[in-house]
Amino acid sequence: MSRAVPPVLAVVLVAMWLVLNDTMAPAQVVAAVVLAAALAWWGSKLRPLRPRLHRPWLAPALLATVFVDIVRSNIAVGRIILGLVRDRDIRSGLLEIPLDLTDPHGLAVLATIITSTPGTVWVGLSPDRRRLTLHVLDLRDEAAWIRTIKERYERPLIGIFEP
Amino acid sequence: MTGIESPWIAVPVALLLVAGGLLTLVGALGLVRLRNFQARMHGASMGSTLGLGCLVVACVIVGSAMAHRLALHALLVTVFVVITSPATATLLMRASLYRGRARSASADPEVIER
Amino acid sequence: MSMGNLVGYAAWFAGVCLGVAMLLAGWRMIRGPAAEDRVLGLDALYVNGLAILLVFGIRVASGAWFEVALLIALFGFTGSVALAKFLLRGEVIEP
């Protein structure tokens, strides 16, 4: 065995197995540990690129931020759909954002965050991974959107995934 | 319905169920009302984020109250939907932009709601 | 009105909302106009369908619905991604 079992992946798989079976029986715990170790080891051979969590303690705050933003953007999108925003036109369109985050796992998490908040959908990266394209439902203030994405999501992700 | 007679459980569960249902309904209304495809995608994502989230939390509370222990397994539904929906959304958005360009539509900002 | 009834009524209300949402998504799926709209309608349809199963699970106080909802989530995702990929590239699995 050339490399050890990836610890975070193995722990996530154990937790998922136990939650899926809704049990804490000792036999199931043993099965979960054995399966998770084997699957994590095989998985890491299939995909050699490993995420490195440099500052994992920043993650809970990011999660809280994302939760608050999901609630807020659901309300904002709901108001637009119900036609409650009457004082102005709603323009939707593409928005380009310069990126500083380069870690592929960080980018994957950023894509999940952006798509999970209604009102923004990830369209893609430029070939050099320096510019991100988004589709925004309410493109009122482009600078504010860029500031939100960069300060609320990108900065903590750089902290978590990059040295 | 045993185990959920306590108002401390029943009232939050009822509120979560009503909120989840309404959010999903408004999202689906957006799917019908909004004027272009890219805008409609945002409506659909309401149902699969907070709408489904509220219903799943209600499920977890009811399940835990009835089993008298923490029963988290409904949370897995949200976890799977959250980690899978970005792939669908991104591919669909790209497909629509690519096909829109092929149909010579403009990708400029446009007014979708007066 | 007992508290159990309160949850029952709320679950009934959520079920009706989700049912209407499924009808609206189905309308978008049948109506189109673009192929992307149909895929999006199908996607919303299965997410609302699994949500309705979860609410049913609360109403009948059973956990058996949960496995079905989980399977709908996984297979629905596979189907939507395959359809979206086909629209994007004209091929689902590229050589």
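Protein chains in written order, with this note's numbering: chain V, 271 to 433; chain L, 4 to 117; chain F, 6 to 100.
Heads up, the beta-carbon is just placed ideally off N, CA and C, and yes, glycines get one too.
Proximity of V:Leu280 and V:Ala329 at Cβ, strictly below 8 Å: The sequence given here has Ala at residue 280 of chain V, not Leu. Taking 8 Å as the cut-off, the Cβ atoms of V:Ala280 and V:Ala329 do not count as close.
Would you call the segment 412-424 of chain V in contact with the segment 96-103 of chain L, where contact means no fewer than 3 C-beta pairs closer than 8 Å? As far as the Cβ criterion goes, the segment 412-424 of chain V does not touch the segment 96-103 of chain L, which means the pair count is below three.
By DSSP, does L:Ala110 sit in helix, in strand, or in coil? Note on L:Ala110: pLDDT 49, under 50, position unreliable in the model; the coordinate value appears next. Reduced to three states, the DSSP call for L:Ala110 is coil.
Against chain L, with Cβ distances strictly below 8 Å, would V:Met271 count as a contact? At V:Met271, the pLDDT of 43 sits below 50, so the modelled position is not reliable; the number obtained from the coordinates is stated separately. V:Met271 does not count as touching chain L.
So, at 8 Å on beta carbons, what are the nonlocal neighbours of V:Ser386 in its own chain, with the 5 sequence-adjacent residues on each side left out? When the five nearest sequence neighbours on each side are left out, the beta carbons in the same chain lying within less than 8 Å of the beta carbon of V:Ser386 are those of Val336, Ile340, in order along the chain.
Would you list, in chain order, the members of the segment 395-412 of chain V that have their beta-carbon closer than 8 Å to a beta-carbon of chain L? So the list reads His405, Leu407, Leu409, given in the order they occur along the chain.
Excluding the 5 residues preceding and the 5 following V:Met271 in the sequence, name in chain order all residues of the same chain whose CB lies nearer than 8 Å to its CB. Confidence at V:Met271 is low in this model, with a pLDDT of 43, below 50, so its placement is unreliable and the value that follows should be read with caution. Excluding residues within five positions, the ones whose Cβ falls inside 8 Å are Trp311.
Is there a Cβ from chain L that is less than 8 Å from the Cβ of F:Arg43? Not closer than 8 Å to any Cβ of chain L, the Cβ of F:Arg43 fails to qualify, so no.
With which residues is V:Glu366 paired in a DSSP beta bridge? According to DSSP, residue pairing for V:Glu366 in a beta bridge involves V:Thr403.
Would you kindly work out how many angstroms separate the C-alpha atoms of F:Ala39 and L:Met69, rounded to a whole number? Distance between F:Ala39 and L:Met69, taken at the CA atoms: about 46 Å.
What does the Cβ neighbour count give for F:Asn53, buried or exposed, with the cut at 16 atoms within 10 Å? Of the other Cβ atoms in all chains shown, 16 or more fall within 10 Å of the Cβ of F:Asn53; this residue is therefore buried.
Specify whether the segment 54-69 of chain L and the segment 16-24 of chain L touch according to this definition: at least 3 beta carbon pairs, one from each stretch, less than 8 Å apart. Yes, since at least three Cβ pairs between the segment 54-69 of chain L and the segment 16-24 of chain L fall closer than 8 Å, the two stretches touch.
Cβ of L:Ala92 within 8 Å of Cβ of F:Ala26? Remark: C-beta atoms of L:Ala92 and F:Ala26 do not approach each other more closely than 8 Å.
Taking only beta-carbon atoms, is L:Ala42 less than 8 Å away from chain F? By this cut-off, L:Ala42 is not an interface position.
Do L:Thr52 and F:Cys22 have their CB atoms nearer than 8 Å? The Cβ atoms of L:Thr52 and F:Cys22 lie no closer than 8 Å to each other.
Taking 8 Å as the cut-off, decide whether the C-beta atoms of L:Val21 and F:Phe18 are in contact. Taking the C-beta atoms as reference points, F:Phe18 is found nearer than 8 Å to L:Val21.
Terminal residues of the continuous beta strand (DSSP E) containing V:Gly394? Boundaries of the beta strand (DSSP E) around V:Gly394: 390-395.
Inter-residue spacing [alpha-carbon to alpha-carbon] between V:Arg325 and L:His71: Cα to Cα, V:Arg325 sits roughly 37 Å from L:His71.
Please classify F:Asn10: does DSSP put it in a helix, a strand, or coil? Reduced to three states, the DSSP call for F:Asn10 is helix.
Let me check understanding here. Comparing Cα to Cα, which of V:Ile351, V:Arg425, V:Ala307 lies closest to V:Pro218? This structure gives no information on residue 218 of chain V, because the portion of chain V shown stretches from 271 to 433.
Which residues, taken in chain order from the segment 381-396 of chain V, show a beta carbon closer than 7 Å to some beta carbon of chain L? If the cut-off is 7 Å between Cβ atoms, the segment 381-396 of chain V has Ala381, Thr382, Thr385, Ser386, Pro388, Gly389, Val391, Trp392, Val393, Gly394 near chain L.
Tell me whether V:Ser396 is buried or exposed, calling it buried when 16 or more other Cβ atoms sit within 10 Å of its Cβ. The residue is exposed, with fewer than 16 neighbouring Cβ atoms inside 10 Å.
Measure the alpha-carbon distance for L:Met44 versus F:Phe82 and round it to whole angstroms. Rounded to whole angstroms, L:Met44 to F:Phe82 spans 15 Å at the Cα level.
Residues of chain L with CB closer than 9 Å to the CB of V:Leu352, please, in chain order. Under the 9 Å cutoff, chain L gives Val29, Leu32, Gly33, Arg36.
With a cut-off of 8 Å, do at least 3 Cβ pairs link the segment 75-90 of chain L to the segment 342-360 of chain V? Because the criterion of three Cβ pairs below 8 Å is not met, the segment 75-90 of chain L and the segment 342-360 of chain V do not touch.
Can you list, in chain order, the residues of its chain with a C-beta nearer than 7 Å to that of L:Cys57? Leave out the 5 residues immediately preceding and following it. Within the same chain, L:Cys57 has close Cβ partners Leu19, Ala22, Gly23, Leu26.
How many Å lie between V:Trp327 and V:Ile430 at the Cα? Each residue's Cα considered, the two are about 8 Å apart.
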